[in-house]
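Notes to accompany the following structure.
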Amino acid sequence: MTTPDSSQDYTASEMMTITAARLLKNGMSCFVGIGLPSLAANLARLTHAPDLVLIYESGPIGAKPRVLPLSIGDGELAETADTIVATPEIFRYWLQGGHIDVGFLGAAQIDRFGNLNTTVIGPYDQPKVRLPGAGGAPEIAGSARQVFVMLRQSARAFVPKLDFITSVGYLDGGDARARLGLTGAGPVAIITDLCVLEPEPPSHEFVVTSIHPGVTRERIVAATGWPIRFAATAPTTEPPSEAELRTLRELQQRGGAAHGEG
Amino acid sequence: MAERMSLREAISGYVTDGATVAMEGFTHLIPFAAGYEVIRQRRRDLTLIRMTPDVIYDQLIGAGCARRLIFSWGGNPGVGSLHRLRDAVEHGWPQPLELLEHSHAGLASAYVAGAEHLPFAVLRGYAGSDLPRYNDDIRFIRCPFTDEELAAVRAVQPDVTIIHAQKADRKGNVLLWGILGVQKEAALAARHTIVTVEEIVDDLGAWPNAALLPAWIVSAICEVPGGAHPSYAQGYYERDNRFYQAWDAIARDRQTFQAWLQRHVLDTADYAEFSRVLGETQAVAGAEGTAAP
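Here the protein sequences come in this chain order: A and B. Mapping of the first sequence onto the working numbering: position 78 corresponds to residue 92, and the numbering continues sequentially without gaps. Mapping of the second sequence onto the working numbering: position 230 corresponds to residue 232, and the numbering continues sequentially without gaps.
In structure tokens, the structure reads:
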């Protein structure tokens, strides 16, 4: 966890979550990964996007959890959903069927073209670290109309070359993704605790388009494993509003209390 | 036709060494009691199939029951790693574990093909991913109508599928509700299906199209109240998130894991005794203010 910046009364993690939440528009259908994406999506639903449709890969469609789920299939998601469908249906009819506006993913490693690794660090057959694996991500990355990726920025996570491509962004850049025949447009934003990155056409290399308050360019460069570039205009991200912060903290407190933390 | 029997009888009758076994339930209704019984009967060389191996397969892998794992997401949901799974993959302990790894969409589709008795399923998936390079059961084919390239995944057809459900009636018809995962597909894909249930009732009181497995496709019904703990059974009990969190520390260390397994699973006669011993452990942990399950 990041510690509060003494000059402001919010953390870098909170800035990241709030920035990600703002990208979700009211009425969108959003396929949500557990953890940070779920936190941001629920914050959006409790602030500016009350009709955001949250879809979890365990089957709940239109989930409206009062407390943050610990797992992707907590009872809270099932009890508050508009409907629950079986797992083959969620992937085959709803995602592959073209009904998902936004896929919202995390990752252990990401490269400059937005490809994601959640499988292994090191060689596949002799991994240094065995990560959980693909889950729903490869097809979310392929079939959601657009994809947001959310992860903390560090040189270990933002690497020049992935050890394993689990889920595809723009592959080697240029028209490489287009040639795969995927139905979704691919990742349109990476939201980190330092900044926002967006793909720059025609290469689709991710460049910094917004810098969070108090973050220097040097810090972003140091936290990126490739020579990162900045867009011609990379304004300062709007700081969190009081309402955003209050709602986020209440949401986290309810989750922590429910799951036996602090 | 569904035969009512004890869990011990069902596992000894249907789960043999070297069998391919699917224990399904997506976060919800995970058949933990059946997993403990497989460990207790010291089954070996199993091919285990599950979309999310979860703590249930962490236990089976750590206990040395598995030779091969077919899966699509292998973490402790909301907590982190499955340390026994990682130890088997990274260090071959207690024995090497062969992985056959899918995405959720891919493995769910493989179950659908199994239920349909087709050799494979087609999906728009895996494009650009490295997964097909390491899993020969993922190939690419051309659509005969549009010439589009699509993924094909080999069907999974378990020897035995084990699921947990809320209720069965006295004939053995099964009712489950809430998050359904791939239980129905896994049951229809298998040669035999064992169902553990919270309770057996006179009348299911189900809507005509409620999620139900008719008695004649079920091999064995076992009444095992609480048998999905620490996952949950909607309408009966909630997910024990504290157990999942506490599992991280137990499973991280080989000796701690083995001691837990010995005390709770290997030294207990059945699930009722397991529950009593677990209750004692949890009471002590509660009194000490620690998080051990």
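We treat Cβ as the ideally placed atom computed from N, Cα and C, and that holds for glycine.
Nearest chain B C-beta to residue i closer than 7 Å, yes or no?
i: D96 (chain A); result: no
i: P18 (chain A); result: Since pLDDT at P18 (chain A) reaches only 47, below the 50 mark, its modelled position is unreliable, and the value read off the structure follows with that caveat. So, not an interface residue.
i: D65 (chain A); result: no
i: E71 (chain A); result: yes
i: D115 (chain A); result: no
i: G89 (chain A); result: yes
i: A100 (chain A); result: yes
i: F178 (chain A); result: yes
i: H62 (chain A); result: no
i: H273 (chain A); result: yes
According to DSSP, is residue i helix, strand or coil?
i: H62 (chain A); result: coil
i: N131 (chain A); result: strand
i: S181 (chain A); result: strand
i: R144 (chain B); result: strand
i: H119 (chain B); result: coil
i: S224 (chain A); result: strand
i: P134 (chain B); result: helix
i: P51 (chain A); result: helix
i: D89 (chain B); result: helix
i: A170 (chain B); result: strand
i: S83 (chain B); result: strand
i: A222 (chain B); result: strand
i: P102 (chain A); result: helix
i: L145 (chain A); result: coil
i: M164 (chain A); result: strand
i: M7 (chain B); result: coil
Kindly indicate which residue of the options has the alpha-carbon position closest to the one of residue i.
i: I181 (chain B); options: B:A129, B:R156, B:E201 and B:A213; result: B:A213
i: F73 (chain B); options: B:V81, B:V199 and B:I63; result: B:I63
i: F178 (chain A); options: A:A257, A:D96 and A:T132; result: A:T132
i: L133 (chain B); options: B:H266, B:A154 and B:L120; result: B:A154
i: M53 (chain B); options: B:G66, B:Y113 and B:A35; result: B:Y113
i: D115 (chain A); options: A:S168, A:P83 and A:G156; result: A:G156
i: V46 (chain A); options: A:G89, A:T33 and A:G120; result: A:G120
i: T198 (chain A); options: A:P152, A:E232, A:R260 and A:A100; result: According to the sequence shown, residue 198 (chain A) is Gly rather than Thr. Cα-wise, what sits closest to G198 (chain A) is A:P152.
i: D101 (chain B); options: A:Q140, A:P102 and A:T97; result: A small correction: the amino acid at residue 101 (chain B) is Leu; Asp does not occupy that position in the sequence shown. Selected option, being the one with the closest Cα: A:Q140.
i: L176 (chain A); options: A:T238, A:E252, A:Q123 and A:P213; result: A:Q123
i: P201 (chain A); options: A:P213, A:I234, A:E103 and A:W240; result: A:P213
i: H273 (chain A); options: A:Q160, A:D88 and A:V163; result: A:D88
i: M7 (chain B); options: B:A192, B:A230, B:D269 and B:V199; result: B:V199
i: G174 (chain B); options: B:R156, B:L215 and B:A188; result: B:L215
i: C209 (chain A); options: A:G150, A:A245, A:E93 and A:R159; result: A:A245
i: V116 (chain B); options: B:N211, B:D139, B:Y16 and B:A192; result: Looking at the sequence provided, one finds Gly at residue 116 (chain B) rather than Val. With distances taken between Cα atoms, G116 (chain B) lies closest to B:A192.
Exposed or buried, which one is residue i when buried takes at least 16 other CB atoms within 10 Å?
i: M42 (chain A); result: buried
i: M3 (chain B); result: exposed
i: R144 (chain A); result: buried
i: R278 (chain B); result: exposed
i: N137 (chain B); result: buried
i: L9 (chain B); result: buried
i: S52 (chain A); result: buried
i: E150 (chain B); result: exposed
i: G111 (chain A); result: exposed
So, does the CB of residue i fall closer than 7 Å to a CB anywhere in chain A?
i: H266 (chain B); result: no
i: V40 (chain B); result: no
i: V162 (chain B); result: no
i: A157 (chain B); result: no
i: A289 (chain B); result: no
i: A107 (chain B); result: yes
i: V296 (chain B); result: The shown model of chain B, from 3 to 295, leaves out residue 296 (chain B), and the question about it has no answer.
i: R52 (chain B); result: no
i: Y273 (chain B); result: no
i: A297 (chain B); result: The displayed coordinates of chain B run from 3 to 295. Any statement about residue 297 (chain B) would go beyond what the structure contains.
i: R86 (chain B); result: no
If you measure from the CB of residue i, is any heavy atom of the ligand NAP nearer than 6 Å?
i: A285 (chain B); result: This structure lacks the ligand NAP; in fact it carries no ligand of any kind.
Could you run through the segment 164 to 190 of chain B and flag, in chain order, every residue whose CB is less than 7 Å away from some CB of chain A? Taking 7 Å as the cut-off between beta carbons, the residues of the segment 164 to 190 of chain B near chain A are G180, I181, L182, G183, V184, K186 and E187, in sequence order.
Cβ-based contacts, 7 Å cut-off: residues of the segment 117 to 133 of chain B near chain A: Within the segment 117 to 133 of chain B, those residues whose Cβ lies closer than 7 Å to any Cβ of chain A are, in chain order, L125, R126, G127, Y128, A129, G130, S131, D132 and L133.
Taking beta-carbon pairs under 8 Å, can you tell me which members of the segment 15 to 36 of chain B lie near chain A? Contact residues of the segment 15 to 36 of chain B toward chain A are F28, T29 and H30 (C-beta to C-beta distance below 8 Å).
Chain-ordered residues of the segment 189 to 220 of chain A with a beta carbon less than 9 Å from chain B: Result list: A190, R191, L194, G195, L196 and T197.
Positions along the segment 205 to 220 of chain B whose CB lies within less than 7 Å of some CB in chain D: In the structure shown, chain D cannot be found, because the protein chains are A and B.
Between the segment 222 to 243 of chain B and chain A, which residues of the former have a C-beta closer than 8 Å to a C-beta of the latter? Residues of the segment 222 to 243 of chain B whose Cβ lies closer than 8 Å to any Cβ of chain A, in chain order: Y234, Q236, E240, R241 and N243.
Members of the segment 67 to 82 of chain B near chain A, C-beta cut-off 8 Å: Within the segment 67 to 82 of chain B, the qualifying residues are F73, S74, W75, G76, G77, P79, G80 and V81.
Going along the chain, which residues of the segment 137 to 160 of chain A sit with their C-beta nearer than 9 Å to a C-beta in chain B? Residues Y138, D139, Q140, P141, K142, V143, R144, L145, P146, G147, A148, G149, G150, A151, P152, E153, I154, A155, G156 and S157.
Residues within the segment 92 to 105 of chain B neighbouring chain A, beta-carbon criterion of under 8 Å: Under the 8 Å Cβ criterion, the segment 92 to 105 of chain B contributes E92, E103, H104 and S105.
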